[in-house]
Amino acid sequence: MSLLRPGSSTDAELLIEAGGYYLRPPIMSDFRNWGALRSESRAFLKPWEPLWPSDDLTKTGFRRRLRRYSRDRKEGRSLSFLLFRSRTDDILGGLTLSNIRRGVSQTTTLGYWMGQRHAGKGHMSAAVAMILPFCFDVLGLHRIEAACLPSNMPSIRLLEKAGFHREGYARNYLLINGSWQDHLLFACLAEDHASRPGKVAPSVEGILKEFL
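Throughout, my numbering is defined as the position within the sequence shown, counted from one, plus 27.
This is how it looks when you write it as structure tokens:
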């Protein structure tokens with residue numbers, strides 16, 4: 028099994044793999060395929076995401092994104108991944124662990140996106156099933172939070188299927204598509220995950236010391 032799959036960068040020296048999928052941090056050689064998938068999915072993603080910068084799909088914008096990801100990793104604040112199909116190395120979407128808090132909190136916030144042509148096929152459910160044991164068993168976190176718009180039924184079903192519990196309703200919680208919007212709040216605790224049958228046991232290669 029290749030560690031970086033494909034390309035080579037120290038920023039990508041983290042690989043989580045299970046069930047025909049793998050997650051790894053994005054690298055510069057991903058730009059063409061990432062940009063194509065995001066571009067063709069723009070209308071599909073727009074209602075659920077913050078406004079995109081004007082140069083978001085340019086090589087300059089992608090390079091700036093990678094610099095931000097690298098800085099956040101080095102500071103132990105977040106980890107960003109792309110989701111790939113193992114058999115073809117196709118990019119399917121992305122997943123982020125942001126706002127990682129240690130101390131008495133041991134918490135992170137989960138976010139994700141899926142390319143339109145790959146949506147509704149169970150790919151993100153597989154990715155979330157991979158990231159939960161990584162968060163709890165490797166990073167040693169206790170709580171994973173997630174939020175979604177009340178109208179986003181696919182995301183609600185995904186979180187509930189993954190073992191998240193609905194905990195509240197936050198008014199004007201996030202600035203999405205140019206306007207402040209209410210969100211449903213979900214969380215999955217380490218004990219919630221431990222009690223679930225049939226958990227995924229992903230292969231994990233490499234880890235940055237900032238997160239241990």
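We put the CB at the ideal spot given by N, CA and C, even for glycine.
Go through its chain and collect everything with a Cβ distance to residue 72's Cβ below 7 Å, but skip five positions before and after it. 140.
Measure the beta-carbon distance from residue 43 to residue 157 and round it to whole angstroms, keeping in mind my assumption that it falls under 8 Å. 5 Å
Ordered along the chain, which non-local residues of its own chain (more than five positions away) have a Cβ less than 6 Å from that of residue 226? Same-chain partners within the cutoff: there are none.
Quickly, what does DSSP pair residue 145 with across the bridge? List them, please. According to DSSP, residue 145 bridges with nothing at all.
Helix, strand or coil: which one does DSSP assign to residue 129? coil
Please state the DSSP three-state secondary structure of residue 83. coil
Which complete beta strand (DSSP E) runs does the region 158-212 hold, if anything under 3 residues is left out? 170-175 and 192-203
Going by DSSP, name the residue or residues bridged to residue 45. By DSSP's assignment, residue 45 forms a beta bridge with 48.
Might you give, ordered along the chain, the residues of its own chain that have their beta carbon closer than 6 Å to the beta carbon of residue 223, omitting 5 neighbours on each side? By the criterion of a C-beta distance shorter than 6 Å, residue 223 is surrounded in its chain by 190, once the five residues flanking it on both sides are discounted.
Starting from residue 66, trace the beta strand (DSSP E) in both directions and tell me its first and last residue. Residue 66 -> not in any beta strand (DSSP E); alpha helix (DSSP H) instead, spanning 58-67.
Closest by CA to residue 169, which one among 111, 220 and 120? Among 111, 220 and 120, the Cα nearest to that of residue 169 is on 220.
Name the residue from 41, 70 and 198 whose alpha carbon lies nearest to the alpha carbon of residue 109. 41
Under a three-way DSSP split, which group does residue 90 fall into? In the three-state scheme derived from DSSP, where H, G and I count as helix and E and B as strand, residue 90 is classed as helix.
Residue 201 vs residue 173 beta-carbon contact at 8 Å: no
Cβ-Cβ separation, residue 107 to residue 52 (assumed contact under 8 Å), whole Å: Between residue 52 and residue 107 the beta-carbon gap is near 6 Å, inside 8 Å, which marks them as a contact.
Exposure label - residue 78; buried when at least 16 CB within 10 Å: Counting Cβ neighbours within 10 Å, residue 78 comes out exposed, since fewer than 16 surround it.
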